[in-house]
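Here the structure comes first, spelled out in structure tokens, and everything after it is commentary.
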Amino acid sequence: MSKSIPILILAAGSSKRMEGRIKQLLRWKDTTLLKHAIQQARLITDNIYIVLGANADTIKATIPKEDIVFNPNWKLGIGSSISAGIEFVLKKNQVIDGLLIMLADQPLLDTSYLKKLMDMFINENPKIVATAYEERVGVPAIFTFKVLPELLNLNEDFGAKNIIKKYRCSTITVQPNGKEIDIDTPNDYSQLIEKMNT
1 MSKSIPILIL AAGSSKRMEG RIKQLLRWKD TTLLKHAIQQ ARLITDNIYI
51 VLGANADTIK ATIPKEDIVF NPNWKLGIGS SISAGIEFVL KKNQVIDGLL
101 IMLADQPLLD TSYLKKLMDM FINENPKIVA TAYEERVGVP AIFTFKVLPE
151 LLNLNEDFGA KNIIKKYRCS TITVQPNGKE IDIDTPNDYS QLIEKMNT
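Just so we're aligned, residue 1 is where the sequence shown starts under UniProt numbering, counting upward by one.
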């Protein structure tokens, strides 16, 4: 049975540790980090939304055909972007089964990984399918429709981890096997580029 699971890509951060470079627009393969994330998501669904905040106009100009959610409170952190994104998605979609939330700065988490999350969600029917990190769980993650209203109340930089913790008995975790690396600094970026070229 097919399920309606839109994808929300979080890309609202200010890249404050990137020494003046806009992280979402860094080159990755033959495109940018953000466009790469969109490409991976689009191989699964056309129902994609991108949350922007810092540098929104500059970034939006590079993806003119995408559904954009502007988060005016992006300085409050990732929780505010999740809330803004979910509010927008729920207004645009009358009926969905769940929502996959991912970041724009984890380029190794590709379509095959996202599909693994989707398959777990569809076949096992948990409240949440989340990515396992060393000492926590987090995004990319899929939240069932019934959990989404609780994510609307996020407004600080804690993301969804408290909700995942609340439903830990109904959460399935997936091992990313080293693909979870995100890009926060110029050094992170150069190391990943080097890794891709070896």
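Think of the CB as a built atom: it goes at the ideal place given N, C-alpha and C, for glycine as much as any other residue. Since this is a predicted model, take the numbers as computed values, not measurements.
- The beta-bridge partner set that DSSP reports for Phe88 is empty.
- The beta carbons of Ile78 and Ala11 sit no closer together than 8 Å.
- Distance from the CA of Arg21 to the CA of Trp74, rounded to the nearest whole angstrom, comes to 18 Å.
- Minimum Cα-Cα distance from Gly98 among the listed residues Ile193, Met196, Lys195, Ile5 corresponds to Ile5.
- Per the Cβ contact rule, the stretch 86 to 96 is not in contact with the stretch 19 to 37 (fewer than 3 Cβ pairs under 8 Å).
- The C-alpha of Ala56 is placed about 19 Å away from the C-alpha of Ile101.
- Taking C-beta separations shorter than 7 Å and ignoring five residues to either side along the sequence, the partners of Glu19 in its chain run Pro186, following chain order.
- A check of alpha carbon separations from Arg136 across Arg168, Lys146, Phe145 identifies Arg168 as the nearest.
- DSSP, read as helix, strand or coil, puts Pro186 in helix.
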